[in-house]
Amino acid sequence: MTSTEPIVLRLGHSPDPDDAFMWWPLFGIDGGAPDVASDRFRFEQVEIDIEAANRRAEAGEDLLEITALSCGQFPRVADRYAITACGSSMGEGYGPKLVARQPVTIESLNGRTPRVAIPGRRTTAALTLGLRLRGIDWTPVEVPFDTVPDVVLAGDVDAGVVIHEGQLTYADDGLHLVEDLGAWWTERTGGPLPLGLNLVRRDLEDLHGPGTLVEIAGLLEASVRHALEHRSTSIEYAMRFGRGIPAEVADRFVELYVNRLTIDAGESGRDAIRRLFAEAAEADLLPVAEEVSFLRGG
Numbered sequence: 041m042t043s044t045e046p047i048v049l050r051l052g053h054s055p056d057p058d059d060a061f062m063w064w065p066l067f068g069i070d071g072g073a074p075d076v077a078s079d080r081f082r083f084e085q086v087e088i089d090i091e092a093a094n095r096r097a098e099a100g101e102d103l104l105e106i107t108a109l110s111c112g113q114f115p116r117v118a119d120r121y122a123i124t125a126c127g128s129s130m131g132e133g134y135g136p137k138l139v140a141r142q143p144v145t146i147e148s149l150n151g152r153t154p155r156v157a158i159p160g161r162r163t164t165a166a167l168t169l170g171l172r173l174r175g176i177d178w179t180p181v182e183v184p185f186d187t188v189p190d191v192v193l194a195g196d197v198d199a200g201v202v203i204h205e206g207q208l209t210y211a212d213d214g215l216h217l218v219e220d221l222g223a224w225w226t227e228r229t230g231g232p233l234p235l236g237l238n239l240v241r242r243d244l245e246d247l248h249g250p251g252t253l254v255e256i257a258g259l260l261e262a263s264v265r266h267a268l269e270h271r272s273t274s275i276e277y278a279m280r281f282g283r284g285i286p287a288e289v290a291d292r293f294v295e296l297y298v299n300r301l302t303i304d305a306g307e308s309g310r311d312a313i314r315r316l317f318a319e320a321a322e323a324d325l326l327p328v329a330e331e332v333s334f335l336r337g338g
């Protein structure tokens, strides 16, 4: 007998405005029905810090069916997950910021073996910093992403990398910009800096039949499109994940990271991912990656 119960797909995303903006149509709001519905699947929301998602995917235990992941972590989990064309976060001339208590330069850090706070060793922010500081002896200090400003201000480290809304609020915290790592990347390569990816477990095709991955990818893209088409509702919901930031900051953050490349990363996104993987592998910061391909809906 065939079960009539929908297949539950756990979708893990970071508790941040941009991810919340993209995926609420699959979950519904406050117990309401999802705006993007499926007779076959029911999406279950799992809020998870990005570094925790990175670790969970790498550990291989209780793997989420769908998960956000730092781009720099993908080569370590490529055997179990596929990248969807939609749902990525890419910085087009902007990205994580290296900040300090006092005005300093990258060059002034050389020779000092600086201690730098990072929001997780597997994050793309940390990977990009490793590329930027290549040739400089430095010590990474891993801390929760939302404590980076505090440890920098306290003088516990020489500098720190801020992600999420910290990219927009660091100056309000009294910190000074050392370098925008996304701007550095785009100036060098001409392409966006691929920060976050959305992944789907490869074995779902075997578990639930041919066409499953394409169907899921189509629903994910529909969610992103619906969210963008209903921006005011999406922003209002996303504000719940803003950790007290003003509405205009949340709106700006979403504008930066939910855009045309989020609907479909396309060739420019794929080329950027390829280049990041190639440079990181050449610098011995990542294992050599397989060919990059995207999963799209039918």
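The sequence shown: position 15 = 55 (this note's numbering), numbered continuously.
Ideal Cβ positions, reconstructed from N, Cα and C, are used throughout, including at glycine.
Using the C-alpha atoms, what's the distance from residue j back to residue i?
i: M41; j: S272; result: With a pLDDT of 39 at M41, under the threshold of 50, the predicted position of this residue should be treated as unreliable, and no value is reported.
i: L188; j: A157; result: Inspection of the sequence shows that residue 188 is occupied by Val rather than by Leu. Taking the straight line joining both Cα atoms gives about 6 Å.
i: A223; j: G133; result: 4 Å
i: R292; j: A278; result: 12 Å
i: G112; j: I313; result: 9 Å
i: G258; j: D119; result: 22 Å
i: T226; j: G131; result: 8 Å
i: S110; j: E255; result: 24 Å
i: P154; j: Y297; result: 30 Å
i: I285; j: I69; result: 21 Å
i: A166; j: G160; result: 7 Å
Mind checking which residues open and close the alpha helix (DSSP H) that includes residue i?
i: P12; result: No answer is possible for residue 12: it lies beyond the span of the chain, which begins at 41 and ends at 338.
i: P189; result: 188-193
i: S274; result: 271-278
i: Q207; result: 206-209
i: G170; result: 164-172
i: L325; result: Where L325 is concerned, there is no enclosing alpha helix (DSSP H), given that its DSSP letter is neither H nor E.
i: Y297; result: 287-297
Report all residues from its chain with a CB closer than 7 Å to the CB of residue i; omit the five preceding and five following residues, and keep chain order.
i: D59; result: H53, A108
i: G214; result: L193
i: D220; result: Y134, G135, K137
i: S308; result: G231, P232
i: Q207; result: P136, K137
i: R310; result: V332, F334
i: P115; result: F317, L326, P327, A329
Tell me the DSSP bridge mates of residue i?
i: T179; result: R155
i: T145; result: According to DSSP, T145 bridges with nothing at all.
i: E87; result: H53
i: L301; result: Its beta-bridge partners do not exist; DSSP assigns none.
i: G131; result: L233
Which residues bound the beta strand (DSSP E) around residue i?
i: I106; result: 106-110
i: E91; result: No beta strand (DSSP E) holds E91; the alpha helix (DSSP H) holding it covers 90-99.
i: G200; result: 199-202
i: L138; result: 137-140
i: T124; result: 121-124
Enumerate in chain order the residues of its own chain whose CB-to-CB distance from residue i is below 8 Å, with the five nearest sequence positions on each side excluded.
i: R265; result: I303
i: T253; result: The question names Thr, yet the displayed sequence has Leu at residue 253. Contacts found: A122, V240, R242, L244, E245, L335.
i: R152; result: D198
Under the criterion of a Cβ to heavy atom distance below 6 Å, does residue i qualify as lining the ligand SAM?
i: L169; result: By its list of ligands, the structure shown contains no ligand whatsoever, and the ligand SAM lies outside what it can speak to.
Considering only residues of the same chain and omitting the five flanking positions on each side of residue i, which have a CB-CB separation below 6 Å?
i: P57; result: A278, F281, G282, A290, F293, V294
>> If we require 4 or more residues per run, which alpha helix (DSSP H) segments fall completely within the stretch 215-282?
In response: With a minimum length of 4 residues, the continuous alpha helix (DSSP H) runs that stay inside the stretch 215-282 are 221-229, 244-248, 252-269, 271-278.
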